[in-house]
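These protein sequences, in sequence, are chains A, B, C and D.
Residue numbering for the first sequence follows this note's numbering, beginning at 1 and increasing consecutively.
Residue numbering for the second sequence follows this note's numbering, beginning at 1001 and increasing consecutively.
Residue numbering for the third sequence follows this note's numbering, beginning at 2001 and increasing consecutively.
Residue numbering for the fourth sequence follows this note's numbering, beginning at 3001 and increasing consecutively.
Glycine is no exception: its CB is placed at the ideal position from the N, C-alpha and C atoms.
Please read all numbers here as calculations on a predicted model, not as lab measurements.
What follows is one structure encoded as structure tokens, with my remarks underneath.
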Amino acid sequence: MTSAVANSPFEAPKSGRWLLFGWLAFAYLIAAQAISIAISPPDRDMGDLQKILYIHVPAAWNMGICYFLVAIYSMRYLWKRDERDDLKAAAAAEVGTLLNGLTLVLGMIWGRPTWGVWWAWDARLTSTLVMFLIFAGYLALRAFVDEPERRAQWSAAAGLFGAINYPIVYMSVRWWRTLHQVQSTPDTLDPSYALSLRLNAFAILFIAIFFIRRRYEAALTERVAEHELQAAVLGGSSRG
Amino acid sequence: MALRDEWHRARAVAWKDLTAERRSKAGFNAVAALAVTILVLFGFALGPDSEAIRAAAPGALWLAALFAGVLAFNRSYQMELDGGALEPLLMYPGARRALFAGKLMANFVFVLLLLVIVIATSLVLFQVAVPPTWPALLIVVLLGAVGLVTLGTFYAAMASRSRAREVLLPLLLFPMLVPVLLAAIQATKALLVGGAMNDAGAWTSLLVAYDVIFLILTFLAFDYVIEA
Amino acid sequence: MHSIDTELAVDATGVARRFGARWVLRGASLTLRTGEAAGLVGANGSGKSTLLRILCTLLRPTAGTARIFGADVVQDPDLVRASIGFFSPIPGVYDDLTARENLLFAATMLGRPKRTADETLERVGLTHVSNERVRGFSSGMLRRLALARLLVHSPRLLLLDEPYNNFDVSGIALVNELIRETLARGGAALVVVHDVASAVPVVGPWFTLRDGIVVPSSGIPLGIPSPTPALAMASAGGTR
Amino acid sequence: MSCKRLFLEGHPVVSNVYFVVGAYAVSWIVLLAYLFRVQSLLRRSRAALAHARSAGGAT
Chain A
1 MTSAVANSPF
11 EAPKSGRWLL
21 FGWLAFAYLI
31 AAQAISIAIS
41 PPDRDMGDLQ
51 KILYIHVPAA
61 WNMGICYFLV
71 AIYSMRYLWK
81 RDERDDLKAA
91 AAAEVGTLLN
101 GLTLVLGMIW
111 GRPTWGVWWA
121 WDARLTSTLV
131 MFLIFAGYLA
141 LRAFVDEPER
151 RAQWSAAAGL
161 FGAINYPIVY
171 MSVRWWRTLH
181 QVQSTPDTLD
191 PSYALSLRLN
201 AFAILFIAIF
211 FIRRRYEAAL
221 TERVAEHELQ
231 AAVLGGSSRG
Chain B
1001 MALRDEWHRA
1011 RAVAWKDLTA
1021 ERRSKAGFNA
1031 VAALAVTILV
1041 LFGFALGPDS
1051 EAIRAAAPGA
1061 LWLAALFAGV
1071 LAFNRSYQME
1081 LDGGALEPLL
1091 MYPGARRALF
1101 AGKLMANFVF
1111 VLLLLVIVIA
1121 TSLVLFQVAV
1131 PPTWPALLIV
1141 VLLGAVGLVT
1151 LGTFYAAMAS
1161 RSRAREVLLP
1171 LLLFPMLVPV
1181 LLAAIQATKA
1191 LLVGGAMNDA
1201 GAWTSLLVAY
1211 DVIFLILTFL
1221 AFDYVIEA
Chain C
2001 MHSIDTELAV
2011 DATGVARRFG
2021 ARWVLRGASL
2031 TLRTGEAAGL
2041 VGANGSGKST
2051 LLRILCTLLR
2061 PTAGTARIFG
2071 ADVVQDPDLV
2081 RASIGFFSPI
2091 PGVYDDLTAR
2101 ENLLFAATML
2111 GRPKRTADET
2121 LERVGLTHVS
2131 NERVRGFSSG
2141 MLRRLALARL
2151 LVHSPRLLLL
2161 DEPYNNFDVS
2171 GIALVNELIR
2181 ETLARGGAAL
2191 VVVHDVASAV
2201 PVVGPWFTLR
2211 DGIVVPSSGI
2221 PLGIPSPTPA
2231 LAMASAGGTR
Chain D
3001 MSCKRLFLEG
3011 HPVVSNVYFV
3021 VGAYAVSWIV
3031 LLAYLFRVQS
3041 LLRRSRAALA
3051 HARSAGGAT
């Protein structure tokens, strides 16, 4: 068993307590949603609609965290060339794109009864959509390049550039909007709303961490399998 | 010393790309014809109302330049891949950023010529008058072209060597270019069809910031993208 | 172990390379001293070209290490590229440039004076077509142009992949002259050949690539009687 | 509650419980679908690893 491990530059990941973490994360999500739905009174104007925001806003925040992780791991990959950083960046990008899509869909479901339209070219919406497209491109790049090292280098550059572009995209879209109309932003928060938002933000954060870890585990296990198959073909010689 | 060598190499790559482009009959003329066609199609899409067309002219001309330019970016590496010339090119000693600089210069010239044709055509087709502030327009065009070409040349280095290169380059490039396109279109609009001058100023500074950030980043990252 | 030994032109240990699921090289090891011109033979698809591409930094090995004059092909590719010349079966010239322009471009990229380009054109016998576009050239002429690029470079280590293909008698003589000159300068050459007879005057020792591994051949392969490669021995002491 | 400001003037308050239920349903479907996808990826790569180890032991 130990000799099998030595044939790969890194060990196969073990799930350990992560499975328990996942169960707890989902349980916590259910609890957070139940509490926030129970304690927040229907909004004067929006009725029950604000309950959508308990998922929409946390998803948007955690999407930002995921993209930040992509930037960090991509940079680390380019610096240290550790394959694991590439796989971590890829996992974070996939989960980020997932939350990004969720943010967009929930935003639309919220916007339809609130604004009367499914979509508005609002700064936040538009830049979120652009980020979704950028990281969809990142995932497509990964899908279209087979050679692991080349894929790692290219997607590290693409992921880093995408994440760096986020503030520039947001600023440009905001300028584009403000030239036409003043954007309305919420500035005060009802305490029960703020508490609910915070509870759910952590719930989605835990789910995101669990997903990234699981996705990374799957990718790393696959790579270890490839490395060990390689070692077997080479007659047990180690890469060192 | 080393920097001067790199400059010579970059210049040689740019000269080589442009000479080959100039001599291949299918090259620039076809791409320019495509750009003009796109402009005409925009005219149809936006209807015969001359007010609406005039308002949409800046967007149409930048998008026409972008769609046609994407072809140039992929061609720039396709030229190397076709004859197996990429291998000798990568084996020349010295830093690879010289290759990037050379390709960047060649693509810049290409896109700039494209923009000249596109702007001239849209002045006629979309009934826009040359503004008295045309030097400002020139600056916007130059800065916008730098933005398009920098990321275009960079992403084409990856996309042209992947499977599905035709679709991958626009998929990667277009969302990344949103800030440049917005800024270039809005600044051009402010200068061409009126609007406060300070609008154009703000957009121009955004263009400068974007160009500087991504010029630095692409030069730093090109080594990782071209090798392997 | 990893001390820099400039006596060793090529020092490859356990080089392996995989394309997708297919293993082309499975731990090839090869050493080549300065003043030696080694011949490498092997069946189609045995990995000869792959090995050359790894040695000239165009491909990364999946496993194993290779050094060229002490410089690692993965760690110090810049150093390696400065000392090697790769002659591929594909000419890799630009169709829309003239012969002279192609060579001037190569000279500029290699940091050689322009006059060497003209001298070399003369030497490979392309002066009469130097201002014609390369598009209409025969494959033999294209190969001569590619050879001219190598002559302009005059590297310390030649990596020649099927150098005699498409060449007439004078072309073959040019290739052998290039090898002799390089050896006389204290360089080395690794020659992949099918046409063993053309290489016999300058090449030896011989190696065979079989099942992804390099094995030394006793004498010249394919049953051809083995004359002593006098040149290789004569110039072995000429190392600077 | 500030979100009322995003609310268009004069737009009637519609019965929007369907939107809320729809939004929660979409979120859970997305999260569970991704969970199943990742779990199946993990299963598949573990099978590949087991296969590689048995191949390694055989040679």
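{"Asked": "Go to Ala-208(A), then tell me how far its alpha helix (DSSP H) extends in each direction, as first and last residue.", "Found": "191-233"}
{"Asked": "Using a 10 Å radius around the Cβ and a threshold of 16 neighbouring Cβ atoms, would you call Phe-132(A) buried or exposed?", "Found": "buried"}
{"Asked": "Establish whether the CB of Val-1013(B) and some CB of chain A are separated by less than 9 Å.", "Found": "no"}
{"Asked": "CB Ile-207(A) to CB Ala-25(A), shorter than 9 Å?", "Found": "yes"}
{"Asked": "Looking at chain A, which residues of the segment 2014-2040 of chain C have a Cβ within less than 8 Å of any of its Cβ atoms?", "Found": "Gly-2014, Ala-2016, Arg-2018, Gly-2020, Trp-2023, Arg-2026, Gly-2027"}
{"Asked": "Counting contacts by CB-CB distance shorter than 9 Å, is Thr-962(B) in contact with chain C?", "Found": "Here chain B comprises residues numbered 1001 to 1228, so residue 962(B) is not present and cannot be evaluated."}
{"Asked": "Which residues of chain B have a Cβ atom closer than 7 Å to the Cβ of Phe-2105(C), listed in chain order?", "Found": "Ala-1012, Lys-1016"}
{"Asked": "9 Å is my cut-off, CB to CB: does Glu-1087(B) come that close to chain C?", "Found": "yes"}
{"Asked": "Measuring only the C-alpha atoms, how far is Leu-1090(B) from Phe-1028(B)?", "Found": "26 Å"}
{"Asked": "Is the separation between the beta-carbon of Ser-8(A) and that of His-227(A) shorter than 9 Å?", "Found": "yes"}
{"Asked": "Taking C-alpha atoms, which residue in Ala-32(A), Arg-84(A), Gly-22(A) lies nearest to Ala-152(A)?", "Found": "Arg-84(A)"}
{"Asked": "Would you decide whether Asp-2096(C) is buried or exposed? Buried here means 16 or more other CB atoms lie within 10 Å of its CB.", "Found": "buried"}
{"Asked": "Judging by CA-CA distance, which residue of Ala-2012(C), Ala-2028(C), Thr-2034(C), Arg-2060(C) is the nearest neighbour of Arg-1997(C)?", "Found": "What the structure shows of chain C is the stretch from 2001 to 2240, and residue 1997(C) is not part of that stretch, so it cannot be assessed."}
{"Asked": "Starting from the C-beta of Thr-1218(B), find all residues in its chain whose C-beta is less than 6 Å away, skip the five residues before and the five after it, and write them out in chain order.", "Found": "Thr-1150, Phe-1154"}
{"Asked": "In angstroms with no decimal places, state the Cα-to-Cα distance between Ala-1065(B) and Ala-1052(B).", "Found": "20 Å"}
{"Asked": "By Cβ distance, which residues of its chain are closer than 6 Å to Thr-185(A), with the 5 residues on each side in sequence left out?", "Found": "Because the pLDDT of Thr-185(A) is 45, which lies under 50, any placement of that residue in the model is unreliable, and the number read from its coordinates should be weighed accordingly. There are no such residues."}
{"Asked": "Reducing DSSP to helix, strand and coil, say where Gly-1152(B) ends up.", "Found": "helix"}
{"Asked": "Can at least three beta-carbon pairs, one atom from the segment 1035-1049 of chain B and one from the segment 1077-1085 of chain B, be found at a separation below 8 Å?", "Found": "no"}
{"Asked": "Starting from Gly-137(A), follow the beta strand (DSSP E) in both directions and report where the run begins and ends.", "Found": "It is not in any beta strand (DSSP E) - Gly-137(A) instead sits in the alpha helix (DSSP H) that spans 123-144."}
{"Asked": "Can you list, in chain order, the residues of its chain whose CB lies under 7 Å from that of Met-108(A), leaving out five sequence neighbours each side?", "Found": "Trp-118, Trp-119"}
{"Asked": "In this structure, does DSSP put Leu-2160(C) in helix, strand or coil?", "Found": "strand"}
{"Asked": "Would you kindly report the start and end of the unbroken alpha helix (DSSP H) that includes Ala-93(A)?", "Found": "83-115"}
{"Asked": "What residue does the alpha helix (DSSP H) around Phe-68(A) start on, and which one ends it?", "Found": "50-80"}
{"Asked": "Pro-2077(C) and Thr-2057(C) look like a contact to me (Cβ under 8 Å); what is the Cβ gap, rounded to whole Å?", "Found": "4 Å"}
{"Asked": "Taking 9 Å as the threshold (C-beta atoms), are Ala-12(A) and Ala-3055(D) in contact?", "Found": "no"}
{"Asked": "From Arg-76(A) to Ile-134(A), what does the alpha carbon distance come to, in whole angstroms?", "Found": "20 Å"}
{"Asked": "Between Tyr-1210(B) and chain A, is any beta-carbon pair separated by less than 9 Å?", "Found": "yes"}
{"Asked": "Can you give me, in chain order, the residues of the segment 1176-1194 of chain B that have a beta carbon less than 8 Å from any beta carbon in chain A?", "Found": "Met-1176, Val-1178, Pro-1179, Leu-1182, Ala-1183, Gln-1186"}
{"Asked": "For Pro-2242(C), does the count of other Cβ atoms within 10 angstroms reach 16, so buried, or fall short, so exposed?", "Found": "Summary: the structure shown does not reach residue 2242(C), with chain C confined to residues 2001 through 2240, and so no result is reported for it."}
{"Asked": "Can you determine whether any heavy atom of the ligand ATP sits closer than 8 Å to the C-beta of Gln-2075(C), and answer yes or no?", "Found": "As far as ligands go, the structure on display features none, and thus does not contain the ligand ATP."}
{"Asked": "How many angstroms separate the CA atom of Ser-3045(D) from the CA atom of Phe-3036(D)?", "Found": "14 Å"}
{"Asked": "Going by Cα to Cα distance, which pick from Arg-2022(C), Arg-2149(C), Thr-2208(C), Ile-2068(C) is closest to Lys-2048(C)?", "Found": "Thr-2208(C)"}
{"Asked": "Out of curiosity, what's the CA-to-CA distance linking Ala-1156(B) and Asp-86(A)?", "Found": "21 Å"}
{"Asked": "Please give the ranges of any beta strand (DSSP E) in the segment 1084-1128 of chain B, keeping only runs that are unbroken, at least 3 residues long and fully inside the region.", "Found": "none"}
{"Asked": "Can you tell me the Cβ-Cβ gap for Phe-2105(C) and Arg-2143(C), rounded? I've got them flagged as a contact below 8 Å.", "Found": "That belief does not hold up - the Cβ atoms of Phe-2105(C) and Arg-2143(C) are roughly 18 Å apart, past 8 Å."}
{"Asked": "Please list the residues of the segment 68-102 of chain A that have a C-beta atom closer than 7 Å to any C-beta atom in chain D, keeping them in chain order.", "Found": "Leu-98, Leu-102"}
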